[in-house]
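Participant: One structure follows; several queries about it will come next.
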Amino acid sequence: MKILIIEDEKALSESMVTYLTSESYLCEIAADYTTALNKIDCYDYDCIILDIMLPGGSGLQILKELKANHKLDGVLIISAKNSIDDRVAGLQLGADDYLSKPFHLSELSARIAAIIRRRNFNGNTQIKFNDLIIDTQAKLITLKNVPLELTRKEYELLLYFVSNKGRVISKNAIAEHLWGDDMEGNIDFIYTHIKNLRKKLMEAGEADYIKSVYGMGYKFATQ
Amino acid sequence: MKLLTKYNRVNIIATIIALLVSGICYYFFIRYELISQLDKDLKVEEMEIIDYVTLHRTLPNASSYKDQKIGFELLNNEPINRTVTSKDIFSREENEKITIRELVFPVQVMDKNFKVMISKSQQETNDLIQSILLITFTIVIALLLVLSIINRFLLNKLWQPFNATLLQLKQFNLTGKKELQLEQTRINEFADLNLAVGIMSNRVNQDYESLKSFTENASHEIQTPLAIIQSKLELLMQSENLEEEQGRNLQSIQEACTRLSKLNQSLVLLTKMDNQQFQQKELINAGKIINRLIKNYEELITVKQITIAINLAEDCDLTMNEMMADILFSNLVTNAIKHNIANGTIDVTLTRQQLIIRNTGPDLSTNPAELFERFKKGNQGSASLGLGLSIVKKICEQNNFSVEYRFEKPLHIVSIQFS
Numbered sequence: 000m001k002i003l004i005i006e007d008e009k010a011l012s013e014s015m016v017t018y019l020t021s022e023s024y025l026c027e028i029a030a031d032y033t034t035a036l037n038k039i040d041c042y043d044y045d046c047i048i049l050d051i052m053l054p055g056g057s058g059l060q061i062l063k064e065l066k067a068n069h070k071l072d073g074v075l076i077i078s079a080k081n082s083i084d085d086r087v088a089g090l091q092l093g094a095d096d097y098l099s100k101p102f103h104l105s106e107l108s109a110r111i112a113a114i115i116r117r118r119n120f121n122g123n124t125q126i127k128f129n130d131l132i133i134d135t136q137a138k139l140i141t142l143k144n145v146p147l148e149l150t151r152k153e154y155e156l157l158l159y160f161v162s163n164k165g166r167v168i169s170k171n172a173i174a175e176h177l178w179g180d181d182m183e184g185n186i187d188f189i190y191t192h193i194k195n196l197r198k199k200l201m202e203a204g205e206a207d208y209i210k211s212v213y214g215m216g217y218k219f220a221t222q
Numbered sequence: 000m001k002l003l004t005k006y007n008r009v010n011i012i013a014t015i016i017a018l019l020v021s022g023i024c025y026y027f028f029i030r031y032e033l034i035s036q037l038d039k040d041l042k043v044e045e046m047e048i049i050d051y052v053t054l055h056r057t058l059p060n061a062s063s064y065k066d067q068k069i070g071f072e073l074l075n076n077e078p079i080n081r082t083v084t085s086k087d088i089f090s091r092e093e094n095e096k097i098t099i100r101e102l103v104f105p106v107q108v109m110d111k112n113f114k115v116m117i118s119k120s121q122q123e124t125n126d127l128i129q130s131i132l133l134i135t136f137t138i139v140i141a142l143l144l145v146l147s148i149i150n151r152f153l154l155n156k157l158w159q160p161f162n163a164t165l166l167q168l169k170q171f172n173l174t175g176k177k178e179l180q181l182e183q184t185r186i187n188e189f190a191d192l193n194l195a196v197g198i199m200s201n202r203v204n205q206d207y208e209s210l211k212s213f214t215e216n217a218s219h220e221i222q223t224p225l226a227i228i229q230s231k232l233e234l235l236m237q238s239e240n241l242e243e244e245q246g247r248n249l250q251s252i253q254e255a256c257t258r259l260s261k262l263n264q265s266l267v268l269l270t271k272m273d274n275q276q277f278q279q280k281e282l283i284n285a286g287k288i289i290n291r292l293i294k295n296y297e298e299l300i301t302v303k304q305i306t307i308a309i310n311l312a313e314d315c316d317l318t319m320n321e322m323m324a325d326i327l328f329s330n331l332v333t334n335a336i337k338h339n340i341a342n343g344t345i346d347v348t349l350t351r352q353q354l355i356i357r358n359t360g361p362d363l364s365t366n367p368a369e370l371f372e373r374f375k376k377g378n379q380g381s382a383s384l385g386l387g388l389s390i391v392k393k394i395c396e397q398n399n400f401s402v403e404y405r406f407e408k409p410l411h412i413v414s415i416q417f418s
């Protein structure tokens with residue numbers, strides 16, 4: 000899976016590369032408008048991470064170029080501006096998703112995974128993790144061919160974990176992913192949800208995949 | 000008090016005083032003139048009688064006409080002086096009291112002293128004075144009326160440029176981005192005023208613009224470093240051999256970073272609202288939005304074992320920005336959940352006119368009136384930002400809703416009146 004990161008802030012693009020590379024994505028960086036245009040002209044990417052404010056031009060212009068050339072690359076806009084106009088303009092121009100800075104890398108990774116899944120939905124929409132099969136189109140989870148009864152939030156939580164398997168995900172990232180930005184303050188309630196999901200997985204005969212890491216967050220891993 | 004009222008009051012009082020004084024002077028002057036005229040006539044009669052006496056050595060006949068009477072009286076040695084007086088007598092002809100002017104003087108006829116009394120009616124003089132005064136007063140009062148009406152119209156017209164400027168100032172809105180349309184006027188004072196107002200509004204506009212762009216730029220610039228910190232923290236968290244203490248430190252940094260970023264986002268939102276950037280309005284159904292929000296937070300309500308009673312009218316349609324509606328109701332609903340206690344209750348009632356959210360919660364340690372101010376929290380130690388309710392208030396202000404908070408132990412009650 001090839002990903003192009005169009006972002007002028009070096010420290011940030013490096014972080015993204017590090018995180019996404021270990022998810023076995025192949026990452027390239029374009030730090031300005033012209034480089035970005037050259038890259039999208041020459042290569043096809045599964046997903047393009049696009050910053051709107053770039054030296055030399057606007058990310059929205061790049062998006063227009065992409066659509067004008069009938070490119071099928073998925074596009075995720077990341078912007079510091081967090082303005083509705085940008086969001087609306089971006090999505091109307093055909094971007095797949097929008098993420099405002101600052102964001103959690105785990106959120107970025109989950110969104111990219113979702114975009115790539117949607118892009119090739121002719122193929123496989125199932126995610127496998129050991130005995131666990133998640134059908135993202137039907138929003139169904141089966142464990143050893145037995146359907147697992149989960150609430151909507153539990154389904155989203157499990158999908159989020161699987162999209163970031165082997166990673167430590169912070170509690171804030173989980174809270175924001177599930178309930179949006181409004182849940183400022185105490186987020187200890189996350190614990191109860193994790194506990195419930197863990198219980199359901201273990202009752203269905205699966206190993207305990209969800210591990211708590213030093214109060215920082217949780218990790219979904221086989222060991 | 001209006002300037003015109005004040006001006007008219009002073010004007011009328013001064014005019015009335017001047018009128019009274021001049022009226023009195025006028026009265027005495029006319030009276031003096033007319034009585035002197037009478038006295039002159041009397042003197043002519045006196046002369047005629049003295050001439051007659053000198054010529055004929057006898058008194059003329061006493062006479063009594065309507066307007067002039069002449070009478071004689073024999074004097075018994077007591078001398079009299081020549082006097083002219085006005086007095087009131089009863090007239091049988093007129094059957095009323097009348098005023099007469101009487102000249103009394105001595106005359107000697109053949110060693111006998113006589114008192115001669117010539118009287119003329121002063122009534123006509125009095126009538127004349129009355130008529131003159133009446134006409135004068137009528138004219139003056141008519142003049143006063145006409146003047147005050149002219150004044151009123153004239154002053155209104157004169158002040159028109161001022162009123163036009165005032166109207167512009169009242170409608171002046173920093174966020175409207177409209178320049179003041181000041182009328183041209185040939186009156187120097189108002190031209191000066193317009194010039195000063197124009198310069199001032201331009202300066203205010205410029206200051207506001209620069210402040211606005213500063214706030215916007217500052218918050219955008221903050222987002223990028225925050226994004227870097229956030230991403231590096233997450234990478235650090237993935238390190239294999241972290242010690243427990245390092246993990247906890249990372250978590251603290253992470254939380255602080257999240258708070259900072261949310262604070263920034265809230266401030267950006269408030270700034271945008273100040274800048275009226277959410278003007279696009281549409282018809283939204285409040286019941287549907289609140290229902291969706293409560294569904295979204297269902298699990299949190301269950302975790303806290305909160306009992307929730309929902310009573311949503313289906314016909315509460317509001318014309319407002321959709322995102323604003325979302326933020327408004329979301330803030331209220333999450334507040335009711337966040338600031339609740341275990342086994343607490345939430346009661347959401349929506350009618351066409353109002354939304355009332357009652358929830359249990361810990362006692363309030365600050366003044367309820369201050370809760371809507373920025374950075375005021377019910378509990379200073381809490382991790383919340385204290386911006387939620389000021390955002391609620393701002394949204395309500397912009398949509399002409401009235402919002403109210405009260406605490407009736409143990410219930411916190413927030414009510415919003417639409418329209």
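Line order of the protein sequences matches chains A and B. Throughout the first sequence, residue numbering follows numbering that gives the first Met the number 0, covering 0 to 222 in sequence. Throughout the second sequence, residue numbering follows numbering that gives the first Met the number 0, covering 0 to 418 in sequence. C-beta: ideal position from N, C-alpha, C; glycine also.
Tell me whether B/E403 sits in a helix, a strand or coil according to DSSP, three-state version.
Facilitator: What you label residue 403 of chain B is simply residue 404 of the second sequence in a count that begins at 1. Looking at B/E403 - three-state DSSP - the assignment turns out to be strand.
Participant: Under 8 Å: do the region 306-321 of chain B and the region 183-197 of chain A share three or more Cβ pairs, one atom per stretch?
Facilitator: As far as the Cβ criterion goes, the region 306-321 of chain B does not touch the region 183-197 of chain A, which means the pair count is below three.
Participant: First and last residue of the beta strand (DSSP E) that includes B/T359?
Facilitator: Within the second sequence, residue 359 of chain B is the residue found at index 360, counting from 1. Note, B/T359: beta strand (DSSP E), Q353 to T359.
Participant: Under 8 Å, Cβ to Cβ, is there at least one residue of chain B near A/D95?
Facilitator: Sequence index remark: in the first sequence, residue 95 of chain A carries index 96 (1-based). No, no contact with chain B.
Participant: Assuming B/E188 and B/A163 form a contact by the criterion Cβ under 8 Å, report the distance between their Cβ atoms to the nearest whole angstrom.
Facilitator: Position 189 of the second sequence, counting from 1, holds the residue named residue 188 of chain B. Position 164 of the second sequence, counting from 1, holds the residue named residue 163 of chain B. Actually they do not touch by this definition, with Cβ atoms about 14 Å apart.
Participant: Below 8 Å, can you find three or more Cβ-Cβ pairs linking the region 50-65 of chain A to the region 15-25 of chain A?
Facilitator: Flag = no, the region 50-65 of chain A and the region 15-25 of chain A do not touch.
Participant: Taking C-beta to C-beta, are A/T141 and A/L147 nearer than 8 Å?
Facilitator: Within the first sequence, numbered from 1, the residue matching residue 141 of chain A stands at position 142. Within the first sequence, numbered from 1, the residue matching residue 147 of chain A stands at position 148. Yes. Within cutoff.
Participant: Look up B/M319 in the DSSP assignment and give the residues it is bridged to.
Facilitator: Indexing the second sequence from 1 puts residue 319 of chain B at position 320. Bridge partners of B/M319: B/E281.
Participant: Does the distance from the C-beta atom of B/V302 to that of A/F188 stay below 8 Å?
Facilitator: Taking the second sequence and counting its residues from 1, one reaches residue 302 of chain B at position 303. Taking the first sequence and counting its residues from 1, one reaches residue 188 of chain A at position 189. Against a cut-off of 8 Å, the Cβ pair of A/F188 and B/V302 comes out as a contact.
Participant: Is the beta carbon of B/I88 closer than 8 Å to that of B/K119?
Facilitator: Taking the first residue of the second sequence as 1, we reach residue 119 of chain B at position 120. Taking the first residue of the second sequence as 1, we reach residue 88 of chain B at position 89. No, the pair does not count as a contact, with Cβ atoms beyond the cut-off.
Participant: In angstroms with no decimal places, state the Cα-to-Cα distance between B/E313 and B/N342.
Facilitator: Along the second sequence, one-based indexing puts residue 313 of chain B at 314. Along the second sequence, one-based indexing puts residue 342 of chain B at 343. Straight-line Cα distance between these residues: approximately 28 Å.
Participant: Between B/S389 and B/E372, is the Cβ-Cβ spacing less than 8 Å?
Facilitator: Stepping through the second sequence from its first residue, residue 389 of chain B is reached at position 390. Stepping through the second sequence from its first residue, residue 372 of chain B is reached at position 373. Contact flag set, yes.
Participant: Can you name, in chain order, every residue of its own chain whose Cβ lies under 7 Å from the Cβ of B/T214, other than the five neighbours on each side?
Facilitator: Stepping through the second sequence from its first residue, residue 214 of chain B is reached at position 215. Result list for B/T214: T270, in chain order.
Participant: Going residue by residue through the region 67-136 of chain B, where are the continuous beta strand (DSSP E) segments of at least 3 residues, counting only ones entirely within it?
Facilitator: 67-73, 82-90, 95-108 and 111-120, all fully within the region 67-136 of chain B.
Participant: Taking 8 Å as the threshold (beta carbon to beta carbon), is A/N163 in contact with chain B?
Facilitator: In the first sequence, the residue the question calls residue 163 of chain A occupies position 164. With 8 Å as the cut-off, A/N163 does not count as an interface residue toward chain B.
Participant: Using a threshold of 8 Å, state whether the C-beta atoms of B/L363 and B/F406 are closer than that.
Facilitator: Here residue 363 of chain B refers to the residue found at position 364 of the second sequence. Here residue 406 of chain B refers to the residue found at position 407 of the second sequence. The answer is yes: Cβ separation under 8 Å.
Participant: So for A/A220, helix, strand or coil by DSSP?
Facilitator: Here residue 220 of chain A refers to the residue found at position 221 of the first sequence. In this structure, A/A220 counts as coil in the three-state DSSP scheme.
Participant: Any idea what DSSP makes of B/H219, helix, strand or coil?
Facilitator: What you label residue 219 of chain B is simply residue 220 of the second sequence in a count that begins at 1. The answer is helix: DSSP assigns B/H219 an H, G or I state.
Participant: Any beta-carbon of chain B closer than 8 Å to the one on A/S105?
Facilitator: Taking the first residue of the first sequence as 1, we reach residue 105 of chain A at position 106. For A/S105, the answer is yes, since a Cβ of chain B falls inside 8 Å of its Cβ.
Participant: Could one say the Cβ of B/V347 lies closer than 8 Å to chain A's Cβ atoms, at least one of them?
Facilitator: As a working note, residue 347 of chain B is residue 348 in the second sequence. Closer than 8 Å: no.
Participant: Helix, strand or coil for A/K127? Go by DSSP, reduced to three states.
Facilitator: Against the first sequence, residue 127 of chain A aligns to sequence position 128. In this structure, A/K127 counts as strand in the three-state DSSP scheme.
Participant: Please classify A/Y42: is it buried, with 16 or more other beta-carbons within 10 angstroms of its beta-carbon, or exposed?
Facilitator: Indexing the first sequence from 1 puts residue 42 of chain A at position 43. By the 10 Å Cβ count, A/Y42 comes out exposed.
Participant: Decide if the region 322-339 of chain B is in contact with the region 279-292 of chain B; the criterion is three or more beta carbon pairs, one per stretch, under 8 Å apart.
Facilitator: The region 322-339 of chain B is in contact with the region 279-292 of chain B.
Participant: Can you find a CB in chain A that lies within less than 8 Å of the CB of B/T344?
Facilitator: What you label residue 344 of chain B is simply residue 345 of the second sequence in a count that begins at 1. Output row for B/T344: interface = no.
Participant: Starting from A/G73 and walking both ways along the alpha helix (DSSP H), at which residues does that stretch end?
Facilitator: Numbered from 1 along the first sequence, position 74 holds the residue referred to as residue 73 of chain A. First-last for A/G73: G73 to S78, but that is the beta strand (DSSP E), not the alpha helix (DSSP H).
Participant: Which residue wins for smallest C-alpha separation from A/I2, given the options A/T33, A/K38, A/Y32 and A/A10?
Facilitator: By 1-based counting over the first sequence, the position of residue 2 of chain A is 3. Of A/T33, A/K38, A/Y32 and A/A10, the residue nearest in Cα terms is A/K38.
Participant: How many Å lie between B/I34 and B/S147 at the Cα?
Facilitator: Locating residue 34 of chain B in the second sequence gives position 35, counting from the first residue. Locating residue 147 of chain B in the second sequence gives position 148, counting from the first residue. About 37 Å.
Participant: Are there 16 or more other CB atoms within 10 angstroms of the CB of A/N171, so buried, or fewer, so exposed?
Facilitator: What you label residue 171 of chain A is simply residue 172 of the first sequence in a count that begins at 1. Burial call: buried.
Participant: Can you look up B/N310 in the DSSP assignment and give me helix, strand or coil?
Facilitator: Counted from its first residue, the second sequence places residue 310 of chain B at position 311. B/N310 falls in the strand class under three-state DSSP.
Participant: Would you mind working out which of B/H411, B/E396, B/I336 and B/I345 sits nearest B/N366, comparing C-alpha positions?
Facilitator: As a working mapping, residue 366 of chain B is identified with position 367 in the second sequence. Ranking B/H411, B/E396, B/I336 and B/I345 by Cα distance to B/N366 puts B/H411 first.
Participant: Can you find a CB in chain A that lies within less than 8 Å of the CB of B/K231?
Facilitator: Here residue 231 of chain B is taken as the residue at index 232 of the second sequence, counted from 1. Chain A, which has a Cβ nearer than 8 Å to the Cβ of B/K231, makes this yes.
Participant: When burial is assigned at 16 or more other CB atoms within 10 Å of the CB, is A/G204 buried or exposed?
Facilitator: Position 205 of the first sequence, counting from 1, holds the residue named residue 204 of chain A. With fewer than 16 Cβ atoms within 10 Å of its Cβ, A/G204 is classed as exposed.
Participant: With 8 Å as the C-beta to C-beta threshold (strictly closer), list the residues of the region 10-27 of chain A near chain B in chain order.
Facilitator: Cβ contacts with chain B: A10, L11, S14, M15, T17, Y18 and S21.
Participant: Give the residues of chain B in contact with A/E8, contact being defined as C-beta atoms less than 8 Å apart.
Facilitator: On the first sequence, position 9 is the one that residue 8 of chain A refers to. T223, A226 and I227, listed in chain order.
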